[in-house]
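I have placed the structure first, in the form of structure tokens, so that the comments after it can refer back to it.
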Amino acid sequence: MTGIRLTAPAPGWAIDADVVVVGSGVAGLTTALRCAAAGLDTVVVTKARLDDGSTRWAQGGIAAALGEGDTPEQHLDDTLVAGAGLCDEEAVRTLVTEGPDAVRRLITTGATFDTTDSGDIALTREGGHHRRRIAHAGGDATGAEISRALVEAVRSAALHTIENALVLDLLTDAEGRTAGVSLHVMGEGQHDGVGAVRAPSVVLATGGMGQVFSATTNPSVSTGDGVALALRAGAEVSDLEFVQFHPTVLFLGADSEGQQPLVSEAVRGEGAHLVDATGTRFMLGQHELAELAPRDIVAKAITRQMHEHGTEHMYLDARHFGAQMWEQRFPTILAACRAHGIDPVTEPIPVAPAAHYASGGIRTDLRGRTTVPGLYACGEVACTGVHGANRLASNSLLEGLVFAERIAADIAETRPPRTEPAKSTGGEPVALLAPETRTAIQRIMTRGAGVLRSAASLATAAEELEALNRSAADVDAADPKDAVPGVDAWEVTNLLLVSRVLVAAARAREETRGCHWREDRPDRDDAHWRRHLVVRTAADRTPVVHRTETAAFPPVRAAD
Numbered sequence: 011m012t013g014i015r016l017t018a019p020a021p022g023w024a025i026d027a028d029v030v031v032v033g034s035g036v037a038g039l040t041t042a043l044r045c046a047a048a049g050l051d052t053v054v055v056t057k058a059r060l061d062d063g064s065t066r067w068a069q070g071g072i073a074a075a076l077g078e079g080d081t082p083e084q085h086l087d088d089t090l091v092a093g094a095g096l097c098d099e100e101a102v103r104t105l106v107t108e109g110p111d112a113v114r115r116l117i118t119t120g121a122t123f124d125t126t127d128s129g130d131i132a133l134t135r136e137g138g139h140h141r142r143r144i145a146h147a148g149g150d151a152t153g154a155e156i157s158r159a160l161v162e163a164v165r166s167a168a169l170h171t172i173e174n175a176l177v178l179d180l181l182t183d184a185e186g187r188t189a190g191v192s193l194h195v196m197g198e199g200q201h202d203g204v205g206a207v208r209a210p211s212v213v214l215a216t217g218g219m220g221q222v223f224s225a226t227t228n229p230s231v232s233t234g235d236g237v238a239l240a241l242r243a244g245a246e247v248s249d250l251e252f253v254q255f256h257p258t259v260l261f262l263g264a265d266s267e268g269q270q271p272l273v274s275e276a277v278r279g280e281g282a283h284l285v286d287a288t289g290t291r292f293m294l295g296q297h298e299l300a301e302l303a304p305r306d307i308v309a310k311a312i313t314r315q316m317h318e319h320g321t322e323h324m325y326l327d328a329r330h331f332g333a334q335m336w337e338q339r340f341p342t343i344l345a346a347c348r349a350h351g352i353d354p355v356t357e358p359i360p361v362a363p364a365a366h367y368a369s370g371g372i373r374t375d376l377r378g379r380t381t382v383p384g385l386y387a388c389g390e391v392a393c394t395g396v397h398g399a400n401r402l403a404s405n406s407l408l409e410g411l412v413f414a415e416r417i418a419a420d421i422a423e424t425r426p427p428r429t430e431p432a433k434s435t436g437g438e439p440v441a442l443l444a445p446e447t448r449t450a451i452q453r454i455m456t457r458g459a460g461v462l463r464s465a466a467s468l469a470t471a472a473e474e475l476e477a478l479n480r481s482a483a484d485v486d487a488a489d490p491k492d493a494v495p496g497v498d499a500w501e502v503t504n505l506l507l508v509s510r511v512l513v514a515a516a517r518a519r520e521e522t523r524g525c526h527w528r529e530d531r532p533d534r535d536d537a538h539w540r541r542h543l544v545v546r547t548a549a550d551r552t553p554v555v556h557r558t559e560t561a562a563f564p565p566v567r568a569a570d
């Protein structure tokens with residue numbers, strides 16, 4: 011245990027539970043519902059409202075071998091190819107074999123998917139899939155429907171929820187085992203100020219960290235809080251260098267920052283073409299699946315075309331769909347485009363890659379257990395080994411479902427006893443950054459660790475991030491009043507930590523693989539780099555990067 015913690019007031023209130031789930035997307039709410047059904051006293055903590063996580067923004071759908079002629083083995087093959095040699099095959103097999111039934115259980119929970127005229131679930135294709143296996147809802151509002159169904163189920167079950175609450179740090183007992191979390195409720199909700207939920211099992215389902223970049227599809231709450239908490243608590247993270255940039259994000263201008271509208275891969279799955287300004291398709295001949303190649307390949311192709319043409323975006327042409335198909339199949343995307351002055355019925359959509367999904371995260375085993383006893387991770391915040399170097403489209407919602415059920419089963423089976431949190435022994439807490447530093451971090455990361463990376467760009471990013479880290483400590487030492495604890499300061503401090511770890515891993519991986527693209531190391535090097543990078547925080551609070559000896563995931567110490 012590191013004992014490292016954020017600068018924050020001591021908890022002024024506390025509640026006790028068997029399990030605290032942090033996050034309210036598909037991973038968090040599924041875990042909470044299953045734990046509660048097993049008779050465990052369960053508390054859900056979420057940063058905004060219950061339905062404000064990343065899940066509701068998912069457009070395309072959820073992948074599973076549900077269609078005639080499709081099999082889990084075919085789904086496994088597509089996932090392994092997309093993962094570029096770094097998927098854990100056992101984890102993928104678990105996902106694809108348990109996935110279909112997990113989706114059916116989601117339907118019994120209340121989620122309604124689009125169906126064909128015969129009443130079967132309607133399935134589409136996305137990048138990297140050789141079969142139509144993407145179930146969707148509301149055309150392009152799958153995440154919103156899943157979120158609606160799970161939130162309703164949580165409210166019907168009367169689960170204890172704490173909304174508008176930012177999790178701060180892990181609490182541990184005298185033996186170093188999980189004993190709960192500290193959190194800050196932001197003015198609204200059941201409690202106010204900093205408090206604690208004391209529980210022997212903590213499930214982190216906090217989503218992604220897209221906000222480390224200037225332009226992302228992630229909501230504003232995706233500031234890497236779960237990964238940062240885990241690092242401070244001494245947990246290992248893995249493969250954080252593999253950030254997936256979605257190829258087709260609505261281009262709103264070179265200076266646009268924050269959450270950007272996504273143009274789902276399902277649009278290409280239904281036959282849209284990627285073209286340059288002259289209308290020429292450029293994915294033909296680059297991959298057997300053309301526009302439906304895995305996301306890293308499409309993102310690289312778009313970026314390469316932008317460089318060659320000296321432009322800031324390419325185009326997605328789906329005018330041949332016609333108005334009726336746009337209105338029925340993709341109403342959300344149609345509305346978003348029109349809100350920004352673009353009518354995809356009559357003109358091509360300007361698109362460019364933007365940060366979308368963290369394929370790496372807190373390292374777990376197949377039951378969601380991390381290297382800290384009693385701490386679990388699920389969904390985008392976790393690294394189960396399913397995604398490897400590049401997540402296959404629409405596997406994320408499925409991973410959240412499958413591993414949430416596994417985590418709940420493990421907690422219900424072990425039922426660890428409640429213990430008292432010990433006092434921290436980690437010395438001075440982490441110095442906080444000024445909230446305005448957020449933009450500086452995002453621009454550093456976009457310039458140095460974006461779609462295109464090099465030794466030089468990453469070295470510059472590391473130097474600039476370290477300068478920000480030193481400046482925070484200097485300001486704190488000179489005048490502690492300048493480091494005022496609060497949501498904005500805690501978020502930006504989390505962003506800095508995960509950015510430093512991401513850059514450290516990206517510098518260490520001297521090759522191009524999956525969604526990690528090194529200009530100076532353009533080739534995939536299986537002999538040296540078909541390995542995982544595992545990172546932890548040292549006692550001096552610096553990232554320590556370790557390369558595994560094989561492509562296999564090292565064992566995760568079992569929670570006891």
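Under the working numbering, the first residue of the sequence shown carries the number 11, and numbering increases by one thereafter. Glycine is no exception: its CB is placed at the ideal position from the N, C-alpha and C atoms.
query, result
"Whether A42 touches V164 by CB criterion (8 Å)", "yes"
"Strand pairing of C393, partner residues [DSSP]", "R373"
"M196 in three-state terms, based on DSSP", "coil"
"Q84 and A75 closer than 8 Å at C-beta", "yes"
"Buried or exposed (CB count within 10 angstroms, at least 16 for buried), A189", "buried"
"Endpoints, the alpha helix (DSSP H) within which T456 is located", "T447 to A459"
"Buried or exposed (CB count within 10 angstroms, at least 16 for buried), S166", "exposed"
"P360 in three-state terms, based on DSSP", "strand"
"Three-state secondary structure assigned by DSSP to S128", "coil"
"Pick from A365, V382, A432 and A300 that is closest to N400, judged by C-alpha positions", "A365"
"Helix, strand or coil at L335 according to DSSP, with G and I counted as helix", "Note that residue 335 is Met in the sequence shown here, rather than Leu. The answer is helix: DSSP assigns M335 an H, G or I state."
"Validate contact between the stretch 270-282 and the stretch 209-223 using beta carbons, cut 8 Å, 3 pairs", "no"
"Spatial neighbours of A37 in its chain, beta-carbon cut-off 6 Å, leaving aside the 5 residues before and after", "A215, C388, G389, G410 and A414"
"Same chain, Cβ closer than 8 Å to H350, neighbours up to 5 away in sequence not counted", "L260, L262 and P271"
"N-terminal and C-terminal residue of the alpha helix (DSSP H) that L512 is part of", "V497 to A518"
"Outcome for S128 when other beta-carbon atoms lying within 10 angstroms are tallied against a minimum of 16", "exposed"
"Under 8 Å between C-beta atoms of R540 and L96", "yes"
"DSSP state of S211 mapped onto helix, strand, coil", "strand"
"Nearest-angstrom Cβ-Cβ length linking L574 and V273, presumed shorter than 8 Å", "Look at the range of the chain in this structure, 11 to 570, and you will see that residue 574 is not part of it."
"Assigned exposure category for I421 - 16 Cβ within 10 Å defines buried", "buried"
"Buried versus exposed call for P19 [16 or more other C-beta atoms within 10 Å across all chains shown]", "exposed"
"Residues near H170 by beta carbon distance below 6 Å, same chain, minus five either side", "V53"
"CB-CB length for I156 against L402, believed under 8 Å", "In fact, because the Cβ distance is near 18 Å, the residues do not count as touching under 8 Å."
"Sheet register partners of L239 (DSSP bridge)", "BP columns for L239 are empty, so no partner."
"S467 versus G458 - alpha carbon distance", "4 Å"
"Of the residues G35, A27 and K57, the one placed nearest A46, counting alpha carbons only", "A27"
"For P21, the three-state DSSP class (helix, strand or coil)", "coil"
"A264 to Q338 span [Cα, whole Å]", "31 Å"
"CA nearest to the CA of Q254, picked from L478, E173, G524 and V440", "G524"
"Straight-line gap, G186 to P383 (C-alpha atoms, nearest Å)", "8 Å"
"Boundaries of the beta strand (DSSP E) in which I172 is found, first to last residue", "H170 to I172"
"Length at least 3, wholly inside the stretch 17-99: the beta strand (DSSP E) runs in chain order", "24-26, 29-32 and 52-55"
"Rounded separation between G371 and V545 - CA only", "10 Å"
"Proximity of A147 and A121 at Cβ, strictly below 8 Å", "yes"
"Simplified DSSP assignment, three categories, for R567", "coil"
"Rounded Cβ spacing between L505 and V222 (contact assumed at less than 8 Å)", "5 Å"
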